[in-house]
Structure formats: structure tokens, C-alpha cells
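Novice: My structure is below; once you've seen it, I'll send some questions.
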Amino acid sequence: MTSSEHAGFRIRPEHRWPVLIFLALGTLLYAVLPSDVSGALRYVVVGASVLCTIVMLITHPTRFDRDSRVGRAFALAFIAVLLAANQVAFFLLVHQLLSAQGTGAVTLLGAAQVWAINVIGYGAVYWEMDRGGPVARRRDPREELQPADFQFPQDSDGDAVSEVKRRSSNAADWAPGYIDYLYFSASNAMAFSPTDVMPLSVRAKLFMMVQAITGFVLLALVIARSVNILS
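One rule links them: number in the numbering used here = place in the sequence shown (from 1) + 173.
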């Protein structure tokens, strides 16, 4: 079945598995955080993950090929729970790193887990918010999409050399998927600034700023703690 034959979609609908797999990974990383960092919140996160997964499997059995307010509401709720719980873990880890509490190796591993969860969670936020969400991005004509929150390289490659132009948004009718937003989230968390994807809206800049600050603080404190341990 071609994209034009798939229920009127402009591009073949995005598969559900990439986002479900990475959200499950984020849940697992949170579940195995040190108990003095996650506490009882680990059960809330795991429970919310299971509930969200069930709803997503019901509303989108294979692909994101239809609008579902219930499915999207549950997905947004779970992402909010995961990121909020992770922020609590972040502040507790910062306290441990500043006060030199806890076992060094365990604390450093916990910081890496918190950083990875942030990458996964913010990738899902960007994926849900941009241009109306994963269903609209691949279904609606471009002139009917909500204003873009992010500009990808493919969006401006229409006048590039032919082998690059063929992958551009106009030539290939390309639309970003979760992996694109995950990569962007990881690069923002490591570079603390836009790399190849540019934020266009105020809300996008605010989310990126919070993510970058969290990553910077964690990295700075982890480096300081590591030097202290090695000394």
C-alpha cells in the first residue's frame, strides 16, 4: 500500500514502536535508579508507563494513522510524569553530588541515567508538539499544518545539490519521526545549544533551555565529583 492509498495520508503514517521502545527504556532506567533518588516515585512512573502503553496499543495498533484524543492525552500525561519524576531525581542527585553523599560510582551512574531519561522524555515532548503531532505531520497538507516549532535541515535543502535535494521536505515530502526528535534532543543535551535543528517558537526555546540547563548542571557536577574521586 502506498502512502497516497493509506487512508488519505500524505506520507505513510509513523510506526508506533520507536517511541514505545524508548519510553519503555526511559521507564526502566528510572525504575533502577538508586532508591534514595527515585523512592516511591518509581512505582508511579512504572504504573503510568504500563497504562499509557496499553492505551497506545489500543488506539494505535500498528501506526499513528488516526487522531485519538484519549491516546494522546495518556501519552502526554505519561511523558509529564516521567519528566517531573526525573526532575525530582535530578535535584536529589545534585544534592548528593554537592554534599559528596552516597557511593561515588552509584551516584555517577544515577546521574547518567537521569541524563538519558531527559533525552528520551524531551525527545517525546518535541515529537508531540511540533506541527500538530505525529498524525498531523504525515497526514495534513503542509499549508494546513500548525506552525512548525522546529526547522530541520531537510526543510531548507530544496535548493541544494541534487543528491541532497532528493531527501528534502519538498522533493521527498519528508516529515520527521520520533528518532529525528530523539537525535535532536540528544544533541541539545550534549551541545547545550541548537546544532542542525533550529527552534522557531517560544515554547520550543523554553523546553530546550530547561533541558540544556539540566544537562549542563549534571555534567559539571559529575566532572567535579569524578575529579574528587580520582584524587
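All C-beta atoms in this analysis are idealised placements derived from N, C-alpha and C, irrespective of residue type, glycine included.
Looking only at C-alpha atoms, which of V210, L214, M302, D332 sits nearest to L379?
Specialist: M302
Novice: Counting only beta-carbon separations shorter than 7 Å, does L193 have a partner in chain C?
Specialist: Absent from the structure: chain C. Only one protein chain is present.
Novice: In the segment 256 to 303, which residue ranges form an unbroken alpha helix (DSSP H) of at least 4 residues, counting only runs that do not cross its ends?
Specialist: 277 to 302
Novice: Using 10 angstroms around the beta-carbon of D332, count the other beta-carbons present and answer buried if the total reaches 16, otherwise exposed.
Specialist: exposed
Novice: Give me the Cα-Cα distance between H188 and V298, rounded to the nearest whole angstrom.
Specialist: Using only the alpha carbons, I get a separation of about 17 Å.
Novice: Can you tell me whether DSSP reads Q324 as helix, strand or coil?
Specialist: strand
Novice: Taking 8 Å as the cut-off, does the segment 310 to 320 touch the segment 183 to 201 (at least 3 CB pairs, one atom from each stretch)?
Specialist: Contact between the segment 183 to 201 and the segment 310 to 320 is present, because at least three Cβ pairs lie under 8 Å.
Novice: Identify the continuous alpha helix (DSSP H) that holds A359 and give its terminal residues.
Specialist: Here the alpha helix (DSSP H) through A359 covers 351 to 364.
Novice: Roughly how many whole angstroms lie between the Cα atoms of V383 and R236?
Specialist: 31 Å
Novice: How is the alpha helix (DSSP H) around S208 delimited, first residue to last?
Specialist: 208 to 211
Novice: What residues match up with M371 in a beta bridge as DSSP calls it?
Specialist: Bridge partners of M371: Q324.
Novice: Using the Cα positions of I231 and W190, report the straight-line distance between them to the nearest angstrom.
Specialist: When the Cα atoms are used, I231 and W190 turn out to be separated by approximately 13 Å.
Novice: Please return the same chain residues whose Cβ sits closer than 6 Å to the Cβ of S342, not counting the five positions on each side in sequence.
Specialist: Once the five neighbours on either side are set aside, the close Cβ partners of S342 are Q327, D328.
Novice: So, using beta-carbon positions, are L193 and G283 closer together than 7 Å?
Specialist: Not a contact, by the Cβ cut-off of 7 Å.
Novice: For A278, is the classification buried or exposed, using 16 other Cβ atoms within 10 angstroms of its Cβ as the cut-off for buried?
Specialist: exposed
Novice: By DSSP, does R236 sit in helix, in strand, or in coil?
Specialist: R236 falls in the strand class under three-state DSSP.
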